[in-house]
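Chains A and B are the protein sequences, given in the same order.
When we follow numbering that gives the first Met the number 0, the leftmost residue of the first sequence carries the number 0, and every step to the right adds one.
When we follow numbering that gives the first Met the number 0, the leftmost residue of the second sequence carries the number 0, and every step to the right adds one.
Glycine is no exception: its CB is placed at the ideal position from the N, C-alpha and C atoms.
Here the structure is a predicted model, which is why all the values come from computation and not from measurement.
A quick write-up on the structure given underneath.
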Amino acid sequence: MRNVIIIGSGPAGYTAAIYAARAGLEPVLLASSVEAGGDLMNTTEIENFPGFPDAVMGPELMAKFQEQAEKFGTEVILDDVTELDLRGETKTIKTGYSGDFEGRTVIFATGSAYRKLGIGDEDRLSGRGVSWCATCDGFFFKGKEIAVVGGGDSAMEEATFLTRFASKVYVIHRRDSLKASKIMQDRAFTNEKIEFVWNSEVAGIVGDNAVEGVVLRDTVDGTERQLAIGGLFVAIGNDPRTHLIHGQLDLTDEGTIAVDGRSSRTNLPGVFAAGDVIDPHYRQAITAAGSGTVAALDAEHYLSALDDAAKLDEEGETAEADALIASA
Amino acid sequence: MSARAVDQASFEAEVLKSDKPVLVDFWAEWCGPCRMVSPILDQIAAENADKLDIVKVNVDENPQLAMEYQIVSIPAMKVFQNGEVIQTVIGAKPKAALEADLAAVLA
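Quick look at the structure:
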């Protein structure tokens, strides 16, 4: 039986692990087999993580998170959670190849998944010019005209990064202004290779075996037109990754896991949630890390309340023990 | 044991003229998902050595091969049989998902 099982290996999961490990709780962290390190593994320079005035590469930062978590005794397992039962006092987690884990507490920090456009040709042309990973695929668009869909920081970062390869990068955005931070906007606006296509959404993707263009629909007057491009990078946001816990944990209207106030407590005792999976608004590496800290402290508090209650039970003080558990 | 590297010069002999089906993993150093899927491919190779050969092509060092096989997204895993591409899998996936994708070849 483990004290703490952490699911997820982004900033929230690893920070929870660092705190839980330093508290002597010997956490196990289930990191996933192919997405270990989370979203930051596919980013380049991170300029807004405190402590790195000269920026840090996403994969390098995540390697440091992992090293720090392991240094204090976290066991990191590169496998995927396939099923879990969080309802009882003992939580059971099944994995692909590493067997089952039982824990007294679970910290759920699975982050979010890239949002798709939700149009017909997207899956067919995925890997044929439609991409969600600029750092992986930008290289293949040397000298080509391509487009990025989206108006947030991720879209600006991708567009700016892609100008290293592409001859031109269109940024397609459904509004007439951006959600991205000022510094990222300015960088995109001053980049001569970037051209903004405002008030437009992608209505279709053209091409039989490779992306040849997109059909754009004007969000104001509904007119459609075609834009010839060789690649389409989708950066329209993320959705919280909650499919594993549907029916067990309560969700908010926004689809994130519901937690009690500023804590990480879910509707189930001993189950805590942290990071992007509870955060529909801020979604930064540093806010996820802070959220992971909260979850580890909440789990620690819960475990010590359980231990204290067990002692009271032994001494025959069952009513007091029950009150203690109820308040944990 | 990790999959052996194949380049432009050895591609014909090692892949196109192979007796066995060959899965070619198109990858690059700077591609995070490629690094994640690489040990999984090694496991699949070790467990299915009699049915499938698995090799790697570094797209940075072999741009001609990447262009010839129209690679625009990596990791891209292409299965060759008798010189033809019989299957393409794009993106890093967990082992079970990859095995399901490759079920016909691994059967």
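Does the beta carbon of M40 of chain A come closer than 7 Å to any beta carbon on chain B? Position 41 of the first sequence, counted from the start, is the residue given in the question as residue 40 of chain A. Chain B contact via Cβ: present.
Is R261 of chain A buried or exposed, if buried means 16 or more other CB atoms sit within 10 Å of its CB? Within the first sequence, numbered from 1, the residue matching residue 261 of chain A stands at position 262. Flag for R261 of chain A reads exposed.
Looking at F271 of chain A and D307 of chain A, is the spacing between their C-beta atoms short of 7 Å? Your numbering for residue 307 of chain A matches position 308 in the first sequence. Your numbering for residue 271 of chain A matches position 272 in the first sequence. It is not a contact, given that the beta carbons lie outside the stated cut-off.
Answer with yes or no whether the minimum CB distance from F139 of chain A to chain B is below 7 Å. As a first step, residue 139 of chain A is located in the first sequence; it is residue number 140 there, counting from the start. For F139 of chain A, at least one C-beta of chain B is nearer than 7 Å to its own C-beta.
Per-residue contacts from D136 of chain A into chain B (C-beta, under 8 Å): By 1-based counting over the first sequence, the position of residue 136 of chain A is 137. Within chain B, the residues whose beta carbon sits less than 8 Å from that of D136 of chain A are V71, S72, I73, listed in sequence order.
Please say whether L177 of chain A and G203 of chain A have beta carbons closer to each other than 7 Å? As a first step, residue 203 of chain A is located in the first sequence; it is residue number 204 there, counting from the start. As a first step, residue 177 of chain A is located in the first sequence; it is residue number 178 there, counting from the start. Result no, Cβ atoms of G203 of chain A and L177 of chain A do not sit closer than 7 Å.
Tell me which residues share the same chain as E82 of chain A and place their Cβ nearer than 7 Å to its Cβ, disregarding the 5 neighbours each side in the sequence. In the first sequence, the residue the question calls residue 82 of chain A occupies position 83. Only K93 meet the Cβ criterion.
Who are the neighbours of V33 of chain A on chain B, taking C-beta pairs under 8 Å? Numbered from 1 along the first sequence, position 34 holds the residue referred to as residue 33 of chain A. Chain order gives the chain B residues near V33 of chain A as P32, M35, V36, I39, A91, K92, P93, where near means a beta carbon separation below 8 Å.
For F188 of chain A and A158 of chain A, what's the separation of their Cα atoms in angstroms? The count along the first sequence starts at 1 and reaches residue 188 of chain A at position 189. The count along the first sequence starts at 1 and reaches residue 158 of chain A at position 159. Rounded to the nearest angstrom, the two C-alpha atoms are 11 Å apart.
What first and last residue would you give for the alpha helix (DSSP H) that runs through V36 of chain B? Stepping through the second sequence from its first residue, residue 36 of chain B is reached at position 37. Segment 31 to 46, the alpha helix (DSSP H) holding V36 of chain B.
Could you tell me whether the Cβ of D275 of chain A comes closer than 7 Å to any Cβ of chain B? Working through the first sequence from its first residue, we reach residue 275 of chain A at position 276. Output row for D275 of chain A: interface = no.
Please report the distance separating the alpha-carbon of A304 of chain A from that of A295 of chain A. Counting from one through the first sequence, the residue named residue 304 of chain A turns up at place 305. Counting from one through the first sequence, the residue named residue 295 of chain A turns up at place 296. If you take the alpha carbons of A304 of chain A and A295 of chain A, they lie about 14 Å apart.
For D99 of chain A, which residues from the same chain have a beta carbon less than 8 Å from its beta carbon, with the 5 sequence-adjacent residues on both sides left out? By one-based count along the first sequence, residue 99 of chain A stands at place 100. Excluding sequence neighbours, D99 of chain A sits near T91, I92, K93.
Strictly below 7 Å CB to CB, what residues from chain A border A44 of chain B? Here residue 44 of chain B corresponds to residue number 45 of the second sequence, with the count starting at 1. Correct list: empty, because the minimum Cβ distance to chain A is about 16 Å.
DSSP beta-bridge partners for N57 of chain B? To locate residue 57 of chain B, count along the second sequence from 1; it is residue 58. Answer by DSSP bridge pairing, in chain order: B:W26.
Minimum Cβ-Cβ distance from S130 of chain A to chain B less than 7 Å: Locating residue 130 of chain A in the first sequence gives position 131, counting from the first residue. At a cut-off of 7 Å between beta-carbon atoms, S130 of chain A makes contact with chain B.
With a 10 Å radius around its C-beta and 16 neighbouring C-beta atoms as the bar for buried, classify T89 of chain A as buried or exposed. Looking up residue 89 of chain A in the first sequence gives position 90. The Cβ neighbour count for T89 of chain A, taken over all protein chains shown within 10 Å, is under 16; the residue is labelled exposed.
Along chain A, which residues have their Cβ under 8 Å away from the Cβ of A136 of chain B? Missing from the structure shown is residue 136 of chain B; chain B here goes from 0 to 106 and no further.
What residues in the region 107 to 128 of chain A bring their beta carbon closer than 9 Å to a beta carbon of chain B? Cβ proximity to chain B below 9 Å picks out S125, G126, R127, G128 from the region 107 to 128 of chain A.
Just by C-beta distance, which residues in the region 80 to 106 of chain A are closer than 8 Å to chain B? Residues G95, Y96.
Does the count of Cβ pairs from the region 72 to 87 of chain B and the region 20 to 31 of chain B closer than 8 Å reach three? As far as the Cβ criterion goes, the region 72 to 87 of chain B touches the region 20 to 31 of chain B, which means the pair count is three or higher.
Endpoints, the alpha helix (DSSP H) within which P10 of chain A is located: Along the first sequence, read from residue 1 onward, the residue named residue 10 of chain A stands at position 11. Note, P10 of chain A: alpha helix (DSSP H), 10 to 21.
Determine the chain B residues that contact A209 of chain A at a beta-carbon separation under 8 Å, and present them in chain order. On the first sequence, residue 209 of chain A is found 210 positions in, with the first residue counted as 1. By Cβ distance, chain B contributes Q69, V71.
Helix, strand or coil: how does DSSP classify V196 of chain A here? What you label residue 196 of chain A is simply residue 197 of the first sequence in a count that begins at 1. Looking at V196 of chain A - three-state DSSP - the assignment turns out to be strand.
Where do the N-terminal and C-terminal ends of the beta strand (DSSP E) with D99 of chain A fall, by residue? Locating residue 99 of chain A in the first sequence gives position 100, where the first residue counts as 1. It spans 99 to 107 - the beta strand (DSSP E) in which D99 of chain A sits, taken as one unbroken run.
Please report the residue range of the alpha helix (DSSP H) in which M40 of chain A lies. On the first sequence, residue 40 of chain A is found 41 positions in, with the first residue counted as 1. Premise fails: M40 of chain A is in no alpha helix (DSSP H) and is neither H nor E.
Compare the C-alpha of D120 of chain A against each of A:N208, A:R216, A:L243 and name the closest. By 1-based counting over the first sequence, the position of residue 120 of chain A is 121. Nearest in C-alpha terms to D120 of chain A, of all of A:N208, A:R216, A:L243, is A:N208.
Tell me which same chain residues have a C-beta within less than 6 Å of the C-beta of A10 of chain A, skipping the five on either side of it? For the purposes of this step, residue 10 of chain A is taken as residue 11 along the first sequence, with counting starting at 1. Correcting the residue identity first, residue 10 of chain A is Pro in this sequence and not Ala. A284, A287, A288.
Beta-carbon within less than 8 Å of L116 of chain A's beta-carbon, same chain only, minus the 5 sequence neighbours each way: which residues are those? Your numbering for residue 116 of chain A matches position 117 in the first sequence. These residues qualify, in order along the chain: V148, V201, V233, I235.
R10 of chain A CB to nearest chain B CB: under 7 Å? For the purposes of this step, residue 10 of chain A is identified with residue 11 of the first sequence, where counting begins at 1. Arg is not the amino acid found at residue 10 of chain A; the sequence shown has Pro there. Among the CB atoms of chain B, none fall inside 7 Å of the CB of P10 of chain A.
If you draw a straight line from the C-alpha of I85 of chain B to the C-alpha of C132 of chain A, how long is it? Stepping through the second sequence from its first residue, residue 85 of chain B is reached at position 86. Stepping through the first sequence from its first residue, residue 132 of chain A is reached at position 133. Counting only the Cα atoms, C132 of chain A lies some 25 Å from I85 of chain B.
Give the range of the beta strand (DSSP E) segment to which P239 of chain A is assigned. For the purposes of this step, residue 239 of chain A is taken as the residue at position 240 of the first sequence. Start and end: 237 to 239.
Where does Y281 of chain A land, buried or exposed, given buried means 16+ other C-beta within 10 angstroms? Residue 281 of chain A sits at position 282 when you count from the first residue of the first sequence. Residue burial annotation: Y281 of chain A is exposed, with fewer than 16 other C-beta atoms found within 10 angstroms of its C-beta.
Spatial neighbours of S153 of chain A within its chain, please: C-beta separation below 7 Å, excluding the five flanking residues on both sides. The sequence position of residue 153 of chain A within the first sequence is 154, counting from 1. Apart from sequence neighbours up to five positions away, the residues of its chain that approach S153 of chain A with a beta-carbon distance below 7 Å are A234, ordered along the chain.
Output the distance between the C-alpha atoms of I171 of chain A and R114 of chain A, rounded to the nearest integer angstrom. Position 172 of the first sequence holds residue 171 of chain A. Position 115 of the first sequence holds residue 114 of chain A. Straight-line measurement puts the Cα of R114 of chain A at about 16 Å from the Cα of I171 of chain A.
Considering Q184 of chain A, what are the terminal residues of the alpha helix (DSSP H) in which it resides? Numbered from 1 along the first sequence, position 185 holds the residue referred to as residue 184 of chain A. DSSP places Q184 of chain A inside the alpha helix (DSSP H), whose first and last residues are 181 to 188.
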